[in-house]
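For reference, the structure discussed in these notes is given below.
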Amino acid sequence: MEKGISLKAGARHLMYVVDMEQALVEVGRWLRQERYHFVTVTPETHNRVAARAQVMAESLRDVFGWNRPFANGLLPEGILSSLAAAGTLVETSEGYRSGVRFSSLGPYLFAHSPYPTHDVDAVFLGPDTYRFCKALERTNTGTGRLVDVGCGSGA
1013 MEKGISLKAG ARHLMYVVDM EQALVEVGRW LRQERYHFVT VTPETHNRVA
1063 ARAQVMAESL RDVFGWNRPF ANGLLPEGIL SSLAAAGTLV ETSEGYRSGV
1113 RFSSLGPYLF AHSPYPTHDV DAVFLGPDTY RFCKALERTN TGTGRLVDVG
1163 CGSGA
């Protein structure tokens, strides 16, 4: 038998990935129902805001935008469960921290890496993404198709 993942193990892994993805979709849908909105700032601006005072999150923007720690009870149990199922609920000495951020772009919410975005595989949606999308809106020729190759978040 060849080395590698068996078909059965591969299918289980794929189901796990799909379940994780679905859990994040559920969080995003709930955030939209709650009218969550957050425009991501530059990492330097985020750093300055975070350095001012290490306070606990009091709002959804604090949890999913500013990535502040939050106490048990701030989010509904179902959302905590979805974050845990997605592998994005981080336990801290203060309570929890979200391992994912959500940013607004037009009518959409995009999930991306938590602050700070130092990991080699981190995905950051921020000012460059907003500028890129605005440039596309201004230059759209109405062809209906556009290809984004290596331009960042893929928004």
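Numbering (our numbering), first residue to last: 1013 to 1167. Cβ coordinates follow ideal geometry from the N, Cα and C atoms, glycine included. These numbers were taken from a predicted model, which means no experiment stands behind them.
Assignment of beta-bridge partners to GLU1103 by DSSP yields TYR1108. Beta-bridge analysis with DSSP links SER1115 to PHE1122. In this chain, SER1071 is not harboured by any alpha helix (DSSP H), its DSSP state being neither H nor E. Beta-bridge annotation (DSSP): PHE1082 is paired with TYR1108. With a cutoff of 8 Å on beta-carbon distance, SER1110 and ASN1084 are scored as not near each other. Within the stretch 1029-1065, the complete alpha helix (DSSP H) runs of at least 4 residues fall at 1055-1064. Contact annotation: the stretch 1112-1121 touches the stretch 1038-1049, with at least three C-beta pairs closer than 8 Å.
DSSP places LEU1092 inside the alpha helix (DSSP H), whose first and last residues are 1089-1097. Between the C-alpha atoms of GLY1077 and ARG1044 there is a straight-line separation of about 14 Å.
Taking a 10 Å sphere around the C-beta of TYR1120, we find fewer than 16 other C-beta atoms and assign the residue as exposed. Taking C-alpha positions only, TYR1127 is separated from THR1151 by approximately 32 Å.
Just measuring C-alpha positions, the residue of ASP1074, MET1068 and ARG1073 sitting nearest THR1104 is MET1068.
Going by C-alpha positions, GLU1089 is about 27 Å away from LEU1117.
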